[in-house]
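Residue numbers (this note's numbering), protein chains in the order written: chain W, 305 to 617; chain F, 69 to 365.
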């Protein structure tokens with residue numbers, strides 16, 4: 305294989321890998337927002353909780369941070385999901401009974417507090433310098449096999465996540481969720497414990513966000529406090545879900561791949577510009593994506609793929 | 069005296085800045101019924117508009133405040149016209165998402181025009197601190213910030229309490245449909261809400277810029293304490309928001325004072341922002357209506 309083709313192939317693999325990770329995050333948000341109507345603006349916080357949990361327990365022993373248990377990566381994924389879900393439980397317990405605005409503010413709070421901890425607790429997280437030498441599965445193999453196998457892991461996990469959330473959507477549980485989203489008073493009147501169901505959905509979504517964070521940390525072999533930057537880790541995911549169609553898992557996944565392709569495609573274009581302009585182009589890109597979001601909200605509020613209620617037997 | 073000079077006065081100044089932001093958030097919540105997530109970045113924009121005038125015409129921060137207010141208000145009304153108005157009858161959560169998008173668009177605009185470097189106003193003449201009774205040291209800029217905040221709040225109070233528009237505004241905030249039946253033009257009320265919210269946000273930004281520096285994410289970092297202040301004061305109550313802002317600002321600065329007498333700060337200064345969050349969490353558990361009995365949704 306010639307150098308050029310290898311380059312193209314690696315780019316395609318990288319595009320699909322990040323697209324797959326973003327899909328998992330978007331499905332997580334879909335369970336919270338699309339299924340249940342829970343407004344989470346602190347995706348970055350839960351993402352970072354998962355990423356750091358996995359990074360700390362799977363990396364080799366280090367003086368610079370806590371943990372270093374050198375555990376297998378699969379354990380990292382599981383613990384990432386558990387720790388995000390546990391934090392999600394406390395946030396949910398606290399403010400899920402209040403109106404969505406409060407949940408929104410509280411989730412922003414979680415993300416901000418977590419960023420403060422990451423920056424200040426040098427002994428545990430190595431502060432702003434972040435954690436490096438996080439293991440990536442199959443990293444010892446030659447190019448492009450190493451990248452290809454990691455992509456396979458991401459896609460398998462995405463497939464499992466899709467199957468499970470699709471099952472959840474079509475199950476009686478999913479029906480209760482939609483009932484709560486559309487009319488929580490009515491759901492309560494027929495004897496559903498609205499608060500309990502909402503917390504379940506919130507924890508489910510948070511665990512997927514934690515998983516997405518863990519995958520990102522292992523993919524880049526590095527995680528730092530910038531991971532909690534709201535643009536990349538929260539805003540893009542919202543745009544992906546709104547464009548794909550909230551309430552629809554497949555829509556969420558296609559929205560994620562679509563937006564990520566456009567987002568990184570613009571990067572190829574802006575990389576050609578002189579360095580001074582390239583920096584400015586990044587901000588222009590954020591502005592344009594924001595504008596697209598506004599247009600979608602006004603003109604196509606249901607997204608590309610609208611929610612389909614499961615068929616009756 | 070060290071307590072007053074280095075903790076109480078900075079706390080008061082920070083509290084004033086939070087109060088200015090929180091009043092806007094609280095009023096907007098009362099009238100438009102959604103948490104305006106772009107408010108922090110509106111503050112950033114106000115600060116940078118003033119920076120344009122200080123850097124081009126050599127004005128001081130305080131002198132460019134009127135221009136910052138004027139341009140911010142115009143931008144607020146335009147944002148409302150093109151982005152929030154079409155969503156007026158959508159579920160309020162859609163407006164929340166929209167305002168989150170606006171927040172990032174505003175910040176991207178600031179970064180596009182002014183870059184990401186730290187900037188400051190030309191505050192040469194303000195830099196000598198005043199000494200009162202030999203022990204009380206106050207920077208002149210702090211006196212200005214506190215005085216002007218009180219002046220702005222007085223004007224706002226006059227507007228809300230005495231003018232017809234102010235009364236209409238309070239009526240819409242109390243009960244929008246009842247107000248509409250009595251013939252109040254809600255769209256006009258909304259525009260005036262933006263006039264007040266935008267002016268106060270711009271003032272908060274300029275004061276923060278005078279007090280510290282300008283940074284493209286300065287406003288985003290204010291969002292959490294401002295919301296905490298608005299909730300503390302009772303959402304929809306502008307006077308509560310002022311008290312809430314002062315309390316949050318004070319609490320943040322005083323949290324790093326050496327209360328235990330062991331020479332160590334009670335809380336590491338790195339966690340100041342966490343104080344606002346902690347107060348907010350406690351409130352959400354014990355008293356979501358805030359101290360001045362605001363609305364609970």
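From the three backbone atoms N, C-alpha and C, an ideal C-beta is built for every residue, glycine too.
Bear in mind that the values here come from a model prediction, so they are computed numbers and not experimental data.
Scanning chain W for C-beta atoms nearer than 8 Å to the C-beta of residue 348(F) yields 409, 410 and 413, reported in chain order. In this chain, residue 342(W) is not harboured by any beta strand (DSSP E), its DSSP state being neither H nor E. Contact between residue 336(W) and residue 509(W) holds: CB atoms are separated by about 4 Å, below the 8 Å threshold.
In the structure shown, residue 236(F) falls within a helical segment according to DSSP collapsed to helix, strand and coil. By alpha-carbon distance to residue 428(W), the top candidate from 366(W), 400(W), 498(W) and 547(W) is 366(W).
Assignment of residue 443(W) by DSSP, reduced to helix, strand and coil, places it in the coil class.
Separation of the CB atoms of residue 115(F) and residue 282(F) is rounded to 5 Å, and the pair is thereby assigned contact status at 8 Å. Taking 8 Å as the CB threshold, residue 356(F) lines the interface with chain W. For residue 354(F), the number of other beta carbons within 10 angstroms of its own is below 16, and it is reported as exposed. For residue 261(F), no CB of chain W lies under 8 Å from its own CB, so it is not counted at the interface with that chain. The DSSP assignment places 133 to 147 and 160 to 182 as complete runs of the alpha helix (DSSP H) inside the stretch 112 to 197 of chain F, in order along the chain (cut-off: 4 residues). Chain-ordered, the chain F residues with CB closer than 7 Å to the CB of residue 343(W) read 161 and 164.
Of all residues in the stretch 84 to 103 of chain F, only 102 and 103 come within less than 7 Å of chain W when Cβ atoms are compared, listed by chain position. At least 8 Å separates the CB of residue 283(F) from every CB of chain W.
Around the beta-carbon of residue 534(W), 16 or more other beta-carbon atoms lie within 10 Å, marking it buried. For residue 246(F), not one C-beta of chain W is nearer than 8 Å to its own C-beta.
Remark: three or more beta-carbon pairs, one from each stretch, lie closer than 8 Å, so the stretch 288 to 297 of chain F and the stretch 76 to 95 of chain F are flagged as touching. Pairing residue 169(F) with residue 594(W) gives a Cβ-Cβ distance under 8 Å. For residue 541(W), the enclosing alpha helix (DSSP H) starts and ends at 540 to 548. For residue 520(W), the CB contacts under 7 Å within the same chain, skipping 5 residues up- and downstream, are 325 and 355 in chain order. For residue 389(W), the uninterrupted alpha helix (DSSP H) run begins and ends at 377 to 399, by DSSP. Taken through DSSP and simplified to helix, strand or coil, residue 472(W) comes out as helix. DSSP places residue 252(F) in the coil class of the three-state scheme, outside both helix and strand. Here residue 309(F) is buried. Its C-beta has 16 or more other C-beta atoms within 10 Å. Contact between residue 438(W) and residue 522(W) holds: their C-beta atoms lie close to 6 Å from each other, under 8 Å. DSSP places residue 207(F) in the strand class (E or B) of the three-state scheme.
Spatial neighbours of residue 317(F) in its own chain (CB-CB distance under 6 Å, excluding positions within 5 residues in sequence) are listed in chain order as 79, 82, 83 and 86.
Residue 154(F) belongs to the set of residues whose beta carbon lies under 8 Å from a beta carbon in chain W. With three or more CB-CB distances shorter than 8 Å, the stretch 444 to 464 of chain W counts as touching the stretch 310 to 326 of chain W. Judged by pairs of C-beta atoms under 8 Å, the stretch 596 to 605 of chain W does not touch the stretch 259 to 278 of chain F, as fewer than three such pairs exist.
The beta carbon of residue 352(F) lies closer than 8 Å to those of 299 in the same chain, with the five residues before and after it left out. Only those residues of the stretch 417 to 445 of chain W whose C-beta falls short of 8 Å from the nearest C-beta of chain F are listed: 417, 420, 423 and 424.
By the beta-carbon neighbour count (other beta carbons within 10 angstroms, threshold 16), residue 189(F) is buried. Considering only 72(F), 165(F), 320(F) and 285(F), the residue with the shortest C-alpha distance to residue 184(F) is 285(F). For residue 597(W), the closest Cβ of chain F is nearer than 8 Å. In the structure shown, residue 420(W) adopts helical secondary structure according to DSSP, grouped into three states.
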